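According to my numbering, the residues represented by the sequence shown are 178 to 261, in order.
Down below is the structure, laid out as structure tokens.
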Amino acid sequence: MVDRISDQIEDLLSKTQVMASKVIVENIDFRKFLERKIAEFSEEEAEYVFKKLAKNEMRFIEISGAILGFLIGLVQSIFFIIAH
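Here it is, written out as structure tokens:
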């Protein structure tokens with residue numbers, strides 16, 4: 178008897194949880210939520226997030242540019258020396 182009541186309570190809780198999840202998902206407007214959050218975002222916050230995310234990529238670009246510039250300059254110098 179206790180097991181049957183326990184099973185019924187479990188089943189009822191499971192069904193209630195599924196129904197509540199459906200209602201929550203149907204009532205949340207994610208587009209409006211995102212628009213509101215983006216509108217609340219200040220320029221300083223956006224700049225901070227961008228810098229934080231792009232830090233490693235920007236460092237790679239700087240180093241790659243320095244190496245590539247050095248190599249191009251070296252090749253140009255060799256051609257200049259050969260030509261004269």
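For glycine and all other residues, C-beta sits at the position ideal for the given N, C-alpha and C.
These figures come from a predicted structure and were not determined experimentally.
- Annotation: the region 210-246 contains no complete segment of the alpha helix (DSSP H) (minimum length 4 residues).
- Distance from the CA atom of V226 to the CA atom of I258, rounded to whole angstroms, is 48 Å.
- Assignment of I205 by DSSP, reduced to helix, strand and coil, places it in the coil class.
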